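Colleague: In the working numbering, the protein residues as written are 15 to 442. One structure coming up, written as structure tokens, with questions to follow.
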Amino acid sequence: MWRALYTLALSAAAPFLLLRLWWRGRRESGYRLWIGERFGSYGEEPLQRPVLWLHAVSVGEARASAALVHALATANAGYEVLVTCMTAAGRETLKELHGESVRVAWLPYDYPGAVRRFLEHFRPRVGVLVETEIWPNLLHACSAFGVQVLLANARMSEKSARRYDRWRGLTRPAVASLSAVCAQSGEDAARLRALGARRVEVSGNLKFDSAPDDAKRAEGGAWRERLGRPVLLLASTREGEEKMLLEAMPAWDERLLVLIVPRHPRRFDEVSVLVAKDGFQMSRRSRNPMPASKDRVHLGDTMGEMDFYYAASEVAIIGGSFVPRGGQNLIEACAAGVPVVLGPSMFNFAEATRLALEAGAAIQAADAAAAIREASGLLADPGKSAAMGQAGKKLCAAHRGATQKHLLLCDELLEAAAMAAVTAPTRG
15 MWRALYTLAL SAAAPFLLLR LWWRGRRESG YRLWIGERFG SYGEEPLQRP VLWLHAVSVG
75 EARASAALVH ALATANAGYE VLVTCMTAAG RETLKELHGE SVRVAWLPYD YPGAVRRFLE
135 HFRPRVGVLV ETEIWPNLLH ACSAFGVQVL LANARMSEKS ARRYDRWRGL TRPAVASLSA
195 VCAQSGEDAA RLRALGARRV EVSGNLKFDS APDDAKRAEG GAWRERLGRP VLLLASTREG
255 EEKMLLEAMP AWDERLLVLI VPRHPRRFDE VSVLVAKDGF QMSRRSRNPM PASKDRVHLG
315 DTMGEMDFYY AASEVAIIGG SFVPRGGQNL IEACAAGVPV VLGPSMFNFA EATRLALEAG
375 AAIQAADAAA AIREASGLLA DPGKSAAMGQ AGKKLCAAHR GATQKHLLLC DELLEAAAMA
435 AVTAPTRG
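The structure is reproduced here in structure tokens:
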């Protein structure tokens, strides 16, 4: 009954979903492409080999799962690898990361007919859903089609667990249908078990295994050396954060450059207008790769260059943490050896935040003003900054290995799926 009511509500929202795609397509044209896939219609011929499917909803999940996708493809040469996503930036990132080595498509919206058509077209043996992609109709259909599903790099904050529990009639069967779960931490594992997951293993965070782009790092280091000025990075900022952080900045010493990289590309123009209105002289990387001497702000309005931006910076303030969004990925900064300043809201990265704070790789501030004070102190103390940067690198090195743990469990599910495929009757 709960799933039927959920489907009814989703059906009523269909016109608004189409309107939202059109609206977002004004700034990101990818949202207006391959619309049929959103409803389970795939024009190309079905894949000829058995399919191993991984779903990475957006940019963060695409990057987090990159090493796992590569490992799965390498270890399973007889399989086609299909990677699905939901956002235009995520699809662009997947193409940048994997080129033509995998098939990339939209995952359809969670309508029974759409997910059935998706499964009938691709017929995956195993599905890997990254982080918290728990869709009731999709998981119900996977169970009906005999698709083994792994929830990978799974996280479940207290806030999310309470929300899932409020709708337990809908979410508990979906969670219980998962073949296995690889949780980031013991706390995540406990919450997922309480929500109905049957087999849960603690595998660590795939983000620690993300391979940096050495060329981009070298380019960023050369850029900073040529610039010859201290650089403070505001990384993956969300709505409202740029203004509060800029307003907290001290009087300009005519040297510090604030490098702002918004989380979503659709906000690049919006942030540019905001900075100009606040009276900051600025430049944009897409138009003026090297800032002028009088530029106080440089807008990082390019995709796929976080390794460049971290290498170009001396201190990073992590966005999404000064509004109730749960924070953005701090592990990239730690891996790059950049000291990290966090805001109070980091529940989406609770375990990584705890580890970074304990290792001395990060500082957590109560608000934007306190974060700017902490960052300014680090910029004035190269010794402390260097020590924090080294602590971040050591932290990441110590926590690598999640990919191999995921791979072993995926292999087990693939073996079970292959055995089932041999014995099961052909579906009509």
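No residue lacks a Cβ here, since even glycine has one placed at the ideal position from N, Cα and C. These figures come from a predicted structure and were not determined experimentally.
Once you ignore the five residues that flank M100 on each side, which residues in its own chain have a CB closer than 8 Å to its CB?
Modeller: In the sequence shown, counting from the first residue as 1, residue 100 sits at position 86. Same-chain partners within the cutoff: V71, S72, W120 and L121.
Colleague: Go through its chain and collect everything with a Cβ distance to R441's Cβ below 7 Å, but skip five positions before and after it.
Modeller: As a first step, residue 441 is located in the sequence shown; it is residue number 427 there, counting from the start. Because the pLDDT at R441 is just 47, under 50, the model does not fix this residue reliably, and the value given afterwards should be weighed accordingly. No residues qualify anywhere along the chain.
Colleague: Taking 7 Å as the limit between beta carbons, can you name the residues of its chain near K173, skipping five residues before and five after?
Modeller: As a working mapping, residue 173 is identified with position 159 in the sequence shown. Contacts found: F361.
Colleague: Leaving out the 5 sequence neighbours to the left and right, which residues in its chain are closer than 8 Å to L271 when beta-carbon positions are compared?
Modeller: Mapped onto the sequence shown, residue 271 falls at position 257. For L271, where only same-chain residues beyond five positions count, the Cβ hits under 8 Å are L241, R243, P244, V245, L246, P305, D309, R310, V311 and H312.
Colleague: Do R117 and L61 have their C-beta atoms within less than 8 Å of each other?
Modeller: The residue labelled residue 117 in the question sits at position 103 within the sequence shown. The residue labelled residue 61 in the question sits at position 47 within the sequence shown. Result yes, Cβ atoms of R117 and L61 sit closer than 8 Å.
Colleague: Establish whether the CB of T316 and some CB of chain C are separated by less than 8 Å.
Modeller: Absent here is chain C; the protein component of the structure consists of one chain.
Colleague: Going by Cα to Cα distance, which pick from A208, L206, V216 and W149 is closest to S199?
Modeller: As a first step, residue 199 is located in the sequence shown; it is residue number 185 there, counting from the start. Ranking the options by Cα distance to S199, first place goes to V216.
Colleague: For F222, is the classification buried or exposed, using 16 other Cβ atoms within 10 angstroms of its Cβ as the cut-off for buried?
Modeller: In the sequence shown, the residue the question calls residue 222 occupies position 208. Buried, by the Cβ-count rule.
Colleague: Restricting to runs no shorter than 3 residues, where is the beta strand (DSSP E) found entirely within the stretch 91 to 165?
Modeller: Taking only runs of at least 3 residues, the beta strand (DSSP E) segments lying wholly in the stretch 91 to 165 are 94 to 99, 117 to 120 and 138 to 144.
Colleague: At the level of alpha carbons, what is the spacing between H69 and C196?
Modeller: For this step, residue 69 is matched to residue 55 along the sequence shown. For this step, residue 196 is matched to residue 182 along the sequence shown. Roughly 15 Å separates the two Cα atoms.
Colleague: Helix, strand or coil for E51 per DSSP?
Modeller: One-based indexing of the sequence shown puts residue 51 at position 37. If DSSP states are grouped into helix, strand and coil, E51 belongs with the helices.
Colleague: Alpha helix (DSSP H) containing A326: first to last residue?
Modeller: The count along the sequence shown starts at 1 and reaches residue 326 at position 312. No alpha helix (DSSP H) holds A326; DSSP gives it neither H nor E.
Colleague: Three Cβ pairs or more, each shorter than 8 Å: is that satisfied between the stretch 175 to 189 and the stretch 145 to 154?
Modeller: The stretch 175 to 189 vs the stretch 145 to 154: in contact.
Colleague: Going by DSSP in three states, V355 sits in which element: helix, strand or coil?
Modeller: To locate residue 355, count along the sequence shown from 1; it is residue 341. Strand, per DSSP.
Colleague: Who pairs with L273 in a beta bridge, going by DSSP?
Modeller: Start at 1 with the first residue of the sequence shown, and residue 273 comes out as number 259. Answer is L247 and H312.
Colleague: Would L344 pass as a contact of A364 if the rule is Cβ separation under 8 Å?
Modeller: The count along the sequence shown starts at 1 and reaches residue 344 at position 330. The count along the sequence shown starts at 1 and reaches residue 364 at position 350. Taking 8 Å as the Cβ cut-off, L344 and A364 do not qualify as a contacting pair.
Colleague: Kindly indicate which three-state DSSP category Q404 falls into: helix, strand or coil?
Modeller: Here residue 404 corresponds to residue number 390 of the sequence shown, with the count starting at 1. Helix, per DSSP.
Colleague: Can you name the start and end residues of the beta strand (DSSP E) that E215 belongs to?
Modeller: In the sequence shown, counting from the first residue as 1, residue 215 sits at position 201. Its beta strand (DSSP E) spans residues V214 to V216.
Colleague: S399 and E328 - do their beta-carbons sit closer together than 8 Å?
Modeller: Working through the sequence shown from its first residue, we reach residue 328 at position 314. Working through the sequence shown from its first residue, we reach residue 399 at position 385. Yes, these two residues count as a Cβ contact at 8 Å.
Colleague: Express the C-alpha separation of E372 and L33 in angstroms, rounding to a whole number.
Modeller: Sequence index remark: in the sequence shown, residue 33 carries index 19 (1-based). Sequence index remark: in the sequence shown, residue 372 carries index 358 (1-based). The straight-line gap from Cα to Cα measures roughly 46 Å.
Colleague: Does the Cβ-Cβ distance between V275 and S300 come in under 8 Å?
Modeller: Stepping through the sequence shown from its first residue, residue 275 is reached at position 261. Stepping through the sequence shown from its first residue, residue 300 is reached at position 286. Contact flag unset, no.
Colleague: How about R298 and D315: are their beta carbons less than 8 Å apart?
Modeller: By one-based count along the sequence shown, residue 298 stands at place 284. By one-based count along the sequence shown, residue 315 stands at place 301. For R298 and D315, yes; Cβs fall inside 8 Å.
Colleague: Applying the criterion that 16 or more other CB atoms from any shown protein chain within 10 Å of the CB defines a buried residue, is L22 buried or exposed?
Modeller: The residue you call residue 22 lines up with position 8 of the sequence shown. So L22 counts as exposed.
Colleague: Taking the straight line between their C-alpha atoms, what separation do you get for C348 and I386?
Modeller: Locating residue 348 in the sequence shown gives position 334, where the first residue counts as 1. Locating residue 386 in the sequence shown gives position 372, where the first residue counts as 1. Spanning the two alpha carbons is a distance of roughly 19 Å.
Colleague: Give me the Cα-Cα distance between Y45 and Y125, rounded to the nearest whole angstrom.
Modeller: To locate residue 45, count along the sequence shown from 1; it is residue 31. To locate residue 125, count along the sequence shown from 1; it is residue 111. Taking the straight line joining both Cα atoms gives about 19 Å.
Colleague: Leaving out five residues before and five after Y93 in sequence, what residues of the same chain have Cβ atoms less than 7 Å from its Cβ?
Modeller: Within the sequence shown, numbered from 1, the residue matching residue 93 stands at position 79. Closer than 7 Å at the Cβ level, and outside the excluded window around Y93, lie R63, P64, V65 and L66.
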